[in-house]
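Residue numbers (the working numbering): 106 to 377.
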């Protein structure tokens, strides 16, 4: 996804986890403001639409298994969109009512499908599903389902935004390396390569590319501050979150090929 700070990125893509809470992206479904579970399989509509919503959830949480043709990086959508995007400030996906919306990065109004496509391009370092493909329609159906009851053109829910934090001092890569070794390396490994199927790669050939929102220190720091380490969210200070983000971003990651975004041939629709 192209990143703008009104919507948490990535289907953009990373998690700095402490392993204490289990596999990344797992956990209880988040709650709406009314205290109702946003995603509960028992509450899905009957028939084909319920199956489509469930398929969208599966794509978000097990992207490699259910959307493998579109993914190059070692990421799942739930690497950033915690518990299927149901955790406020954790890549919250209760966003359907906010689209179409203006995107400052692309200088145009975009639809929800555009936002999803951007995630596949940047965070997955891959290619987007065609807008009329079953994969895209399933993801849209899921996001619409967990957004039920949301008013259209309503103000952006604060829960959607990645937190903007300000460290007391400039970020320090050396301090970040120490924090990473103590808090993150158990899951993401000293190499940053993560564990396939469990914890995402934070840098290197299998990580998100430079176009992703999480490739920006400020974006990563805000995400880390309130979501990591896994199972111990909120235990890092603003300074520590910035330091470890700076350390992660000091490593190499794939470049984004802008030409690739416009030369992908559209796939035939598979939904009809």
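Note that beta-carbon positions come from the ideal geometry of N, C-alpha and C, so glycine has one too. Note that the structure is a prediction, hence the values are computed from the model and not measured.
8 Å contact criterion, which residue i and residue j should meet: CB distance rounded
i, j, result
"residue 281", "residue 351", "5 Å"
"residue 165", "residue 182", "4 Å"
"residue 349", "residue 247", "Between residue 247 and residue 349 the Cβ distance is about 31 Å, and since that is not below 8 Å, they are no contact."
"residue 252", "residue 187", "Contact flag wrong, Cβ pair sits at about 17 Å."
"residue 336", "residue 257", "No, residue 336 and residue 257 are not in contact; Cβ-Cβ is about 36 Å, not under 8 Å."
"residue 274", "residue 344", "6 Å"
Residue environment, residue i, which counts as buried when at least 16 other CB atoms sit within 10 Å
i, result
"residue 333", "buried"
"residue 360", "exposed"
"residue 154", "exposed"
"residue 308", "buried"
"residue 194", "buried"
"residue 296", "exposed"
"residue 220", "buried"
"residue 145", "exposed"
"residue 340", "exposed"
"residue 293", "buried"
"residue 358", "buried"
"residue 312", "buried"
"residue 305", "buried"
"residue 279", "exposed"
"residue 384", "Residue 384 lies beyond the range of the chain shown here (106 to 377); nothing can be said about it."
"residue 254", "exposed"
"residue 238", "buried"
"residue 299", "buried"
"residue 363", "exposed"
Within 8 Å, strictly: CB atoms of residue i and residue j
i, j, result
"residue 347", "residue 260", "no"
"residue 158", "residue 250", "yes"
"residue 227", "residue 326", "no"
"residue 242", "residue 330", "no"
"residue 197", "residue 218", "no"
"residue 244", "residue 189", "no"
"residue 328", "residue 267", "yes"
"residue 172", "residue 240", "yes"
"residue 216", "residue 204", "yes"
Beta carbon proximity, residue i to chain C, threshold 8 Å
i, result
"residue 178", "Absent from the structure is chain C; it holds one protein chain and no more."
field: Unbroken stretches of the alpha helix (DSSP H), 4 residues or longer, contained in the segment 176-230
entry: Contiguous alpha helix (DSSP H) elements confined to the segment 176-230 occur at 187-190 and 217-227, taking only those with 4 or more residues.
**Report entry** Inter-stretch contact (C-beta, 8 Å, three-pair minimum) for the segment 224-233 and the segment 163-180
**Finding:** Contact between the segment 224-233 and the segment 163-180 is present, because at least three Cβ pairs lie under 8 Å.
| request: Jot down the residue ranges of each uninterrupted alpha helix (DSSP H) in the segment 232-296, minimum 4 residues, whole runs only, in chain order. | output: Segments of the alpha helix (DSSP H) lying fully in the segment 232-296: 239-251, 278-288 and 290-293.
Notebook entry, point to check: Any contact of the segment 340-356 with the segment 322-329, i.e. 3+ C-beta pairs under 8 Å?
Noted result: Touching, yes.
What ranges does the beta strand (DSSP E) occupy inside the segment 307-331, keeping only unbroken runs of at least 3 residues that lie completely in it? Listed in chain order, there is nothing to give.
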